[in-house]
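For any residue, its number in this note's numbering is found by taking its place in the sequence shown, counting from 1, and adding 3. The C-beta atom is built at its ideal place from N, Cα and C for all residues, glycine as well.
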Amino acid sequence: MKTYLVESYNPGIKFDTGSLVIALTPQVCYQLDKAGIKYSIIEDYYKEAEFSAQDDEYHKSQLQWIDSLDEFLQNNVEELDKLNLKLGTIYYYYLKSMVLDPLYVRCYSLQKLFQAVKPSSVVFISQAVNEPVPDFTLRNRDKSYYSQVIPLLCKKDNIPMESVLLESVKVAAGPDSLIVKIKRLFTQSGIIIKAYFWTQYICKYLGSRFKKHPEKERLNILLLKLAHIGIGFVVDSLLKGHRLYLLSDKNITTYSFFGTRDYLNLKTEKARTGVTSSSIWENTANLLEGHDLIKWVNEKCQSDVSPIILPKLKYFIAEVCPEILGYYKVFSKFYEKAGIAFVITPDESYPIEFAAIAAASHNKGTKSVNFQHGDGVFAARFWNITELAHFNVSICSNKEIHEYFKHQCSVNLIPTELYVSSQKLLSIEKNKRLRERGKGNIKKGSVIYLPTLLMGDHRRLDGQVYPDTWYYRFQKSLIEYFSTRKEYTFVWKGLPTSDAIYNPVPEFIRDNKYTNIKIATNPFAQYLKSAHRVICDYPSTGFYESVAAGIPTISLYHQALIVRESAIAYFGDLLIRFTDFNEAIKHIDEFLNDDPDKYTMSMDLDETGLLDILEQNDKSD
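(1) Alpha carbon to alpha carbon, how far is Ser22 from Tyr530?
(2) Do you know how far the Cα of Tyr148 is from the Cα of Glu74?
(3) On the DSSP letters alone, give me the boundaries of the alpha helix (DSSP H) that His561 sits inside.
(4) Quick check: what's the CA-CA separation for Phe477 versus Phe584?
(5) Near Tyr338, what residues of its chain come up, given a Cβ to Cβ distance below 7 angstroms and the 5 sequence neighbours on each side ignored?
(6) Asp59 lies in the alpha helix (DSSP H); which residues open and close that run?
(7) Take Val396 and list the residues in its own chain whose beta-carbon comes closer than 6 angstroms to its own, dropping the five residues that flank it on each side.
(8) Is it buried or exposed for Ser309, if we count other Cβ within 10 angstroms and need 16 for buried?
(9) DSSP three-state label for Asn7, please.
(10) Could you tell me the distance, in whole angstroms, from the CA atom of Ala563 to the CA atom of Glu60?
(11) If we ignore side chains and look at the alpha-carbon of each, how far apart do Lys521 and Asp265 end up?
(12) Taking the alpha-carbon of Asp378 as reference, which of Tyr330, Tyr96 and Ser549 has the nearest alpha-carbon?
(13) If we count the other Cβ atoms within 10 Å of its Cβ and call it buried at 16 or more, is His405 buried or exposed?
(14) Under three-state DSSP, which class holds Arg246?
(15) Between the alpha carbons of Ser413 and Ala392, how many angstroms are there, rounded?
(16) Rounded to whole angstroms, how far is the Cβ of Phe581 from the Cβ of Leu559, which I believe are closer than 8 angstroms?
(17) Is the separation between the beta-carbon of Ile625 and that of Leu267 shorter than 8 angstroms?
(18) Pick from Val300, Asp58 and Tyr12: whose alpha carbon is nearest that of Arg463?
(19) Taking its Cβ as the centre, do 16 or more other Cβ atoms sit within 10 Å of Gly497, making it buried, or is it exposed?
(20) Tell me Leu267's beta-bridge partners as DSSP assigns them.
(21) Could you tell me which of Ile320, Glu46, Phe236 and Val152 sits nearest to Val80, measuring between CA atoms?
(22) Within the segment 291-367, note down every full beta strand (DSSP E) run reaching 3 residues or more, in order along the chain.
(23) I need the straight-line Cα distance from Leu428 to Glu10, nearest angstrom please.
(24) Express the C-alpha separation of Ala523 and Ala38 in angstroms, rounding to a whole number.
(25) Which residues in the same chain as Ala119 place their Cβ atom closer than 7 angstroms to its Cβ, once the five residues preceding and following it in sequence are excluded?
(26) When the Cα atoms are used, what is the spatial distance from Pro325 to Asp621?
(27) Taking DSSP as the reference, what is the three-state secondary structure of Leu377?
(28) Determine whether the beta carbon atoms of Gln130 and Pro507 lie at a separation below 8 angstroms.
(29) When DSSP labels each residue in this structure, what does Glu220 get in the three-state scheme?
(30) I'd like to confirm the pairing. Which residues does DSSP put opposite Lys370 in its beta bridges?
(31) For the beta strand (DSSP E) that contains Tyr42, what are its first and last residues?
(32) Are three or more beta carbon pairs between the segment 102-111 and the segment 458-474 nearer than 8 angstroms?
(33) Can you give me the C-alpha to C-alpha distance between Asn387 and Ser425, rounded to a whole angstrom?
(34) In the DSSP assignment, the alpha helix (DSSP H) including Phe546 goes from what residue to what residue?
(35) Return the CA-CA distance between Ser400 and Pro163, expressed in angstroms with no decimal places.
(36) What did DSSP end up calling Ser413 once you bin it into helix, strand or coil?
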């Protein structure tokens with residue numbers, strides 16, 4: 004059967020009668036639905052639960068691959084061996100999330116499709132794009148994995164293939180309104196943050212004058228990010244006499260009552276530091292050709308994907324690794340000179356941040372600290388590295404996840420020290436008291452629907468991600484059900500700017516002119532005082548925030564997601580497993596018809612502050 008694999012579509016495309024049309028993206032699903040063209044999605048040809056069940060074996064094998072990569076690098080770059088620096092492990096997040104897993108996912112799903120359909124020929128329809136330019140994330144910015152994998156698999160299986168390239172259509176953005184321009188000006192100037200900082204400082208300073216605090220040794224602390232940690236931590240630290248530093252781009256700044264001032268230019272310091280010759284890195288990268296590291300990827304993908312994987316890994320070795328090593332040495336010197344006790348971050352995004360955490364973890368007298376930035380109910384072994392093993396100290400947001408991480412540390416011999424600080428959820432819990440005191444502010448019949456993100460080529464195999472085209476269909480089915488419940492006003496509260504690919508769901512809602520469904524992209528926090536109920540289809544941070552705020556809440560999760568048993572027991576009726584769309588809708592129907600008080604609970608939170616934990620940890624040493 005002639006098979007069309009459609010990654011991009013326009014109305015001028017005609018499909019042969021009797022052919023099979025496969026939509027590869029949510030946007031194409033939406034466009035084909037609108038055009039009235041019958042199609043399938045790739046998830047129709049394999050079972051997601053069977054796929055996610057591979058996670059345990061795949062994860063163990065992948066960790067062995069990461070160890071082999073570290074050994075390969077240390078064997079060929081002497082300085083890495085002397086420092087015992089494992090750059091593969093350090094950069095595990097991007098290697099897994101942007102390279103290994105999404106490539107494996109695409110190969111697996113396409114091969115399942117070809118095995119089921121046995122296409123006589125393939126027509127691949129996509130947009131014309133430039134060759135991707137590598138960057139530190141190792142992701143595919145333009146040229147998708149589909150566009151790279153499909154030709155390889157067709158060649159391997161001797162399937163005739165035709166490629167149809169469509170011109171990309173760029174939508175010109177309209178001029179910004181005066182309000183948007185003013186908001187941008189205020190944001191860029193930092194006036195609001197500075198005003199908030201000064202207000203907090205003055206209020207807390209005046210309050211502290213009437214309190215006696217025990218004398219404590221001054222701590223020197225480096226924040227890699229202020230997000231999730233908050234201005235309150237900065238103010239409290241300064242009032243207690245601690246010295247605070249902040250990583251700002253490639254500079255270190257220091258805090259005072261007057262704000263921040265430059266302290267150290269890291270880029271300049273890196274240039275002064277002796278670096279390993281670029282030829283050593285390039286020669287090491289070239290040794291990958293034909294190496295067992297590439298053979299492992301080919302074996303997992305059941306195809307020769309070396310043309311795809313080699314450029315990414317070579318870029319990692321030749322460009323990213325020397326960047327991390329250079330900043331690692333700069334941070335090591337800075338920590339020793341400034342007497343840095345703690346380096347804190349909610350997560351790592353840039354090579355310089357990975358270098359800062361690696362240097363802290365290796366530096367005597369300095370501890371790396373992970374301050375949990377989000378919440379989730381998943382049993383993801385992925386976190387054993389990214390949340391635990393990378394750090395000397397990990398601070399959990401609630402007691403249930405603390406017990407789970409404690410078990411993971413014990414079983415996997417991870418020496419990370421664990422603490423609990425629920426300061427973020429406690430700040431949200433204030434809405435619960437406001438709701439109880441002023442129930443008139445609650446908009447009866449207002450139901451917030453919180454979807455999750457579209458992952459595109461960033462999908463991991465770890466039992467906590469939905470496939471995009473399946474998820475579009477799922478959201479569509481829920482929205483069609485919502486439209487029948489006229490007694491409620493539903494708010495689709497998405498976050499399009501965080502989606503890896505275009506999300507057409509708002510277009511679908513607008514096209515159908517549903518009178519009881521609204522579209523919103525503003526912060527979820529704005530609904531915590533007024534929402535009558537909340538429905539999540541993915542139990543992550545928004546679910547936790549809604550429960551903490553005292554809103555009647557449920558979160559559905561598909562059977563393919565790997566969820567902690569302790570989380571299932573903890574949340575009870577608020578966490579609901581489903582196997583198909585109809586069952587999910589049945590659960591939502593029961594939720595809307597049931598007593599809302601049945602779907603609220605008091606979370607077991609810990610009032611210990613981040614600064615209290617750091618002072619306690621420092622004293623214990």
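Per the coordinate set shown:
(1) 47 angstroms
(2) 28 angstroms
(3) Careful: His561 lies outside any alpha helix (DSSP H), inside the beta strand (DSSP E) at Thr556 to His561.
(4) 6 angstroms
(5) Result list for Tyr338: Ala362, Ala363, Asn366 and Thr369, in chain order.
(6) Asp58 to Asn79
(7) Lys370, Val372 and Glu420
(8) Counting Cβ neighbours within 10 Å, Ser309 comes out buried, since at least 16 surround it.
(9) Note on identity: in this sequence residue 7 is Tyr, with Asn being the wrong assignment. In the structure shown, Tyr7 sits in a strand (DSSP, three-state: E or B).
(10) 16 angstroms
(11) 46 angstroms
(12) Ser549
(13) Looking at its Cβ environment, which holds 16 or more other Cβ atoms inside 10 Å, His405 is buried.
(14) strand
(15) 12 angstroms
(16) 5 angstroms
(17) Past the boundaries of the shown model lies residue 625; the chain is included only from 4 to 624, so the question cannot be answered.
(18) Residue Asp58 holds the alpha-carbon nearest to the alpha-carbon of Arg463 among Val300, Asp58 and Tyr12.
(19) buried
(20) Ile255
(21) Ile320
(22) 345-348
(23) 40 angstroms
(24) 26 angstroms
(25) Tyr48
(26) 32 angstroms
(27) Note on residue identity: the sequence assigns Gly, not Leu, to residue 377. When DSSP states are grouped into helix, strand and coil, Gly377 belongs to the coil group.
(28) no
(29) coil
(30) Phe345
(31) Run containing Tyr42: none; DSSP gives neither H nor E here.
(32) Per the Cβ contact rule, the segment 102-111 is in contact with the segment 458-474 (3 or more Cβ pairs under 8 angstroms).
(33) 20 angstroms
(34) Thr544 to Ala551
(35) 53 angstroms
(36) helix
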